[in-house]
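All residue numbers in the sequence shown are consecutive under the working numbering, ending with 2084.
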Amino acid sequence: MSGCGYEYRETAIADIGGAFGVNSVAFDRFEEILWSGNAAGHVSSHIGPNLGRYTSFQVHMEEEIRQILPIESVVLCLTRSGLRGQLRRGIPAFTFKSDLITDLQTVLATGPAAVLLGGHQENILEVDLNNQRIVRIVNDTTSGCGILRRHSRFICCGGFDGKISLRDPLTLREEHSLTAHMSALNDFDVQGNTLISCGFSVRSGAMVPDRFLTVYDLRMNRKMSPVPLSLEPFLLKFMPAFSSRLALLSTMGQLIVFDAIAGPASAAMMEHVTANGAIGISLDISSSCQCIAVGDSTGYVHRFSISPDSVVNSFSRPTEFADPIIPIEPIAVDDLSAALSSIPMPVTPSKRLSDWPAELIKPRYRPTPPIPDDILESMRMVGTIGYAPKPANRRPNQISYPNFRSLSKGTPAKLKKNGDSEDLMIPKKFRRMEPRTKNLEDYDFSFYNRTNLPGLENSLMNSYCNPGLQMLYYHPTIRYHTLSHLCKEESCLKCELSFLFHMLDQTPPGNAPVYPTNFLRTFRFNVEATNLGLVLPDFSENLQEQFDASKLFQTWVPFIYQQLVQSRSDDASSNDIERSFSFQQVLTTTCLICGSASGKRSTSQVLNLNYRDVEKENKDSLQFSSLVSNSFSFENYLDKAWCERCQHYNRAQQARKIELLPEVLTINCDITTEDTLVLLRPVLESDVPTSDSKQLKTQKICWDGSNCKNTMCKFLHHDTREYQKYWIPERLYLKLGIDGTVDKANAKDEKENRSYRLHSVIYKIAETKASTRHHLVACIRVNPFYHDVHDHSDKGEWYLFNDYCVKKIGIDDALVCAPQWKIPCFVSYILEGSNLPLSTPTNPIARDVFSDNWELKVLKNPREGPFKPLGNDEHIGKGTLVSMDAEFVTLQSEEAELKSEGKPVIIRPSHKAVARITVIRGEGKDEGVPFLDDYISTFDHVADYLTAYSGIQPGDLDARSSARCLATLKSAYVRLRHLVDIGVVFVGHGLKNDFFVINLLVPPEQIRDTVHLFHLPHQRMISLKFLAWYYLGANIQSGSHDSVEDARTALKLYRIYIKLINDDEKTLRDSLKKLYEAGTRRSWLIEKTLK
């Protein structure tokens, strides 16, 4: 690319995302704007080198954008049935339609207010834009017109039969006809006297792309020698400022810029524009020749330019922007603390009415407020300086001042306790879990989890979905069918759930949480999740306050159910999940004018509670079972619905009838507004204890709640207080009527009644009384089968999952609601008597993951050094020795803050991603030869490549510029999982950290880590470089790290360890002592020259 000067600069996504391709891109010839239109009828404009969003608007709801043509006054957007004129600010100017229009394909401007329209129709229309009427019709285009280009002497019309018609610009009569291609025409362009086209020909009865460009000299209308190509051309454009240079886009997404006369051998630029199966479908070049734009089939626009500050046009007019609105803060008349000086006043020599005489003015400074009692109680004095922990409800070095009015009265204001969790009486097990330690993987989580049921870590981005993951895992149906799933799609969330559930199954007792790193990574790059607003841009406290986790979760649950149901590879498991979790419904729309009705069958996995027709005074209608019954059968009035009989939009009535109830009933409580909370407060407060309120405020709640066995405990227990009826019933009885209505039932004796038993409740926990910050927890009834999976002896029924905090709780903790701090968000019921799959399915990851069919390569560049894939006849099984090493890059740097006593506290740990994985044979004739050595492609922003420690260079992980053999993380992960599942023994240095970042759980008995093998108790860990120098006399990692070299070195060190330990333990101990003595003498630095 250096010869041409074009470099990749930026990529922008269309509004509707990857579901719709960018059919048309066009640089504005008058302003610095790039226009793009997609298959959903949406047009967006991007301004500046960074492709910032300027305007975005919908042109048509059902038809795609086929071409965009910016002219001086408006931007013309062509669809199948019409032409829309839109101002650049996004305001519609006009819409042109006609009965003569059948199927439009192309538009060409012939004047300031005149255009030609052509398409899959037997005429070409000339339209006057000022009057929006057709001024001329050309009826001699029997093969249609798919492409229109302007020449100084002709109007060039490309037909669908491979011919190009040259027409007179004034009369539009056909002057000449050129047969460019034998079958069909794909694209062509005209520059000077040269016409170049690409298209298709018929070979062996099939239409295939021509691997050459047809060239015509328009001075003599003679065909010249074609330009041969090694790729299949798709789109082409002449560079406006050059006579014969053109840009060509192939069907595989390759962009090449070359001289048409010299041929592709003179290519100054060749780059693969798109990745992951996307293809380029639109191309345009700016009038300044400094920028190239390509739109692909996944909804992205790619921009190439000569320099970062390249311009679209040499002389562009200024772009109009909306005037910024200057906010004016209102000041109340009775606000005594308002800064009146903020109001601009005219400068006058005379005195104002507000000017006080000097004898009546006395300066007074704001007094320092007293230190709160909670800080004084925990303060530790060192000399004359006091140190106290930072309160959870305040920022460092900040304190609240009293109210201004209390100062005016001469009495100090009483400082409230900032609405902390103590005021709300929140038990500690329900509070937000925020471990602040340097190494989270070495954190002691046993204080928060004394069960064998694993928790989930919450230090990752988008960890608000942890309660939902636990809810899915403890549904036996979802767990069984998810564990049996495996496909080759890189971004499959069902596969990532399968890997996560396997780790939850295999987590050994020890209370350490599971990190859902790979699932959250795939979830973060899911286009549909991004479009739904489920992906948080950053993990910071400020953003957590801006986003409502409960609202996100209400969208996340239907989204994840759809991902489980709509899996592409295994219809059987997807159908089983859909059958268990979906209720079948019929939506009937009745026209209020003619009375005609139309029905539509559909399925839904989530029932949203409906509070519209509920009376606040009638407490029976506010009961949970009544709300569920009313929400199943509702009637709604539509202001605008299409009636087939009237052939018009009329008012209609919509009703829902249920045909079949599911085995698993998931209910969205939808308590997201203050009005809904006020409506339900009478029934929710019925769950609150009826004890004396003064006693509740003075007595703390016991940590163990109703499970406390200490007879001398003086704290408050749930079981010592009297409760009224739970708002969320433990059992829900429903009856499906013949007319499709669902009624609540009082008993389960009748055969037609369906009895549901509560499975899980997701609660929204408010952190403070005044703050909007909150988090989610899950209360789950754990099936006894899961206790057998995790060898759990203390088998309880209800458990609280608060990220990595897992507690056995009673029925009160699970079902009692508190309107101030504990609000139900999602409720799940399971039909009693359901045949649940209480077993573990067959492992879907088999030996064939090492076959060529699982070669999910992004770039198949040659590897460096020897490499031999794992053969089918090569034995590998339990106890087989392999050596492994992995390299990583940093995605997020560590952030810390200083405490009041000067100690640093980690507030956001660093996050790493695997960049290269290497596994070599540890025995046999090919010992030391790698059978897995891949660089892992990543879409994350890399904060630090750690080149000095990883050997990874910038660009090695980018599919657009890497020269390495790039693979997807999933392909490498499933191969490592297979090795772990069959019992392979891994040798390496620092394998605990390697598997932690890879997010793979490996039993300790399958790990031989040289970090621990060559280590004395209470001594430092020794690097691989020093061990190789001392035992092998080798100087490794001299330039940069190489994972193959590190894996071979670790294998050799393990052989030495086996030899030492086979002699006797004293020999090994003496060798290690000499090793530490040598390291201490040399300060753990190796010699520069070795043999």
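Glycine included, each C-beta is placed from N, C-alpha and C at the ideal position. Computed from a predicted structure; not experimentally measured.
Inter-residue Cα distance where the pair is S1334 and D1367: Rounded to whole angstroms, S1334 to D1367 spans 38 Å at the Cα level.
Beta-carbon spacing of G1139, Q1114 below 8 Å: Not in contact: G1139 and Q1114 (Cβ atoms no closer than 8 Å).
8 Å Cβ cutoff met for G2072 and I2029: Remark: C-beta atoms of G2072 and I2029 do not approach each other more closely than 8 Å.
One or two residues paired with D1937 in a DSSP bridge: Beta-bridge pairing links D1937 to T1883.
Own chain residues within Cβ distance below 7 Å of M1232, not counting five before or after: Residues of the same chain with a CB within less than 7 Å of the CB of M1232, apart from the 5 flanking positions on each side, are R1238, L1239, A1240, I1278 and C1282 in chain order.
Opening and closing residue of the alpha helix (DSSP H) in which I1991 lies: Its alpha helix (DSSP H) spans residues L1984 to I1991.
CA-to-CA distance, I1838 to L1479, given in whole angstroms: Between L1479 and I1838, the C-alpha separation is close to 7 Å.
Span of the alpha helix (DSSP H) around E2058: Counting along the chain, the alpha helix (DSSP H) containing E2058 begins and ends at E2058 to R2074.
Three or more C-beta pairs below 8 Å linking the segment 1792-1803 and the segment 1625-1636: Touching, no.
Opposing strand residues paired with G1273 [DSSP bridges]: Looking at the DSSP output, G1273 shares a beta bridge with D1289.
L1476 burial status per 10 Å Cβ neighbour count (16 or more: buried): L1476 is buried by the Cβ-count criterion.
Within 8 Å, strictly: CB atoms of Y1756 and K1801: The beta carbons of Y1756 and K1801 sit no closer together than 8 Å.
Coil, strand or helix - I2079 by DSSP: Three-state DSSP puts I2079 in coil, outside helix and strand.
Helix, strand or coil at V1782 according to DSSP, with G and I counted as helix: Three-state DSSP puts V1782 in a helix.
Of the residues Q1184, I1274 and F2007, the one placed nearest R2062, counting alpha carbons only: Residue F2007 is the option with its Cα nearest to R2062.
Segments assigned alpha helix (DSSP H), at least 4 residues, entirely inside the segment 1939-1973: Those alpha helix (DSSP H) runs which fall completely within the segment 1939-1973 and span 4+ residues are 1940-1943.
Whether P1879 touches I1913 by CB criterion (8 Å): Checking the sequence, you will find Ala at residue 1879 rather than Pro. No, they are not a contact pair.
Alpha helix (DSSP H) runs wholly inside the segment 1475-1557, at least 4 long, in chain order: Qualifying alpha helix (DSSP H) stretches, in chain order: 1486-1499, 1510-1517, 1520-1524 and 1534-1539.
Exposure label - S1753; buried when at least 16 CB within 10 Å: Residue environment analysis places S1753 among the buried positions, since at least 16 neighbouring C-beta atoms fall within 10 angstroms of its C-beta.
Sheet register partners of S1243 (DSSP bridge): Paired residue(s): P1226.
Paired residues, beta bridge with F1251 - DSSP: The bridge partners DSSP lists for F1251 are L1239.
Range covered by the alpha helix (DSSP H) that runs through G1461: N1459 to Y1466 is the span of the alpha helix (DSSP H), which, as asked, contains G1461.
Minimum C-alpha distance to G1041 - residue among S1303, S1439 and C1818: The candidate whose alpha carbon is nearest that of G1041 is S1303.
Segment contact flag, the segment 1336-1354 with the segment 1050-1065, C-beta cutoff 8 Å, min 3 pairs: By the Cβ rule, the segment 1336-1354 does not count as touching the segment 1050-1065, because fewer than three pairs are nearer than 8 Å.
Residue span of the beta strand (DSSP E) that contains R1073, given as start and end: Membership of R1073 in any beta strand (DSSP E) is not indicated, and neither H nor E is assigned to it by DSSP.
Euclidean distance between Cα positions of D1161 and M1213: Approximately 16 Å between the Cα atoms of the pair.
Burial state of K1344 (16 or more Cβ within 10 Å): For K1344, the number of other beta carbons within 10 angstroms of its own is below 16, and it is reported as exposed.
Nearest-angstrom Cβ-Cβ length linking G1461 and V1550, presumed shorter than 8 Å: Yes, they are in contact, since the Cβ atoms of G1461 and V1550 sit about 6 Å apart, within 8 Å.
Beta-carbon proximity list for V1775, same chain, < 8 Å, skipping 5 on both sides: Same-chain partners within the cutoff: L1446, Y1467, G1789, E1790, W1791 and Y1792.
Cβ distance (whole Å) where I1471 is taken to contact I1570 below 8 Å: Yes, they are in contact, since the Cβ atoms of I1471 and I1570 sit about 6 Å apart, within 8 Å.
Segment contact flag, the segment 1951-1963 with the segment 1919-1930, C-beta cutoff 8 Å, min 3 pairs: Counting Cβ pairs under 8 Å, three or more are found: they touch.
Buried versus exposed call for F1932 [16 or more other C-beta atoms within 10 Å across all chains shown]: By the neighbour-count rule (16 or more Cβ atoms within 10 Å), F1932 is not buried but exposed.
8 Å Cβ cutoff met for G1270 and G1288: Taking a C-beta distance under 8 Å as the contact criterion, G1270 and G1288 do not qualify as a contact pair.
When N1451, E1608, G1376 and F1297 are compared against N1043, the one with the closest alpha-carbon: If we check each option's Cα against that of N1043, F1297 comes out closest.
Within the segment 1641-1678, ranges of the alpha helix (DSSP H) (whole runs, at least 4 residues): Listed in chain order, they are 1667-1677.
Per-residue DSSP class, three states only, for L2089: Because the chain is modelled from 994 through 2084, residue 2089 falls outside the range shown and cannot be assessed.
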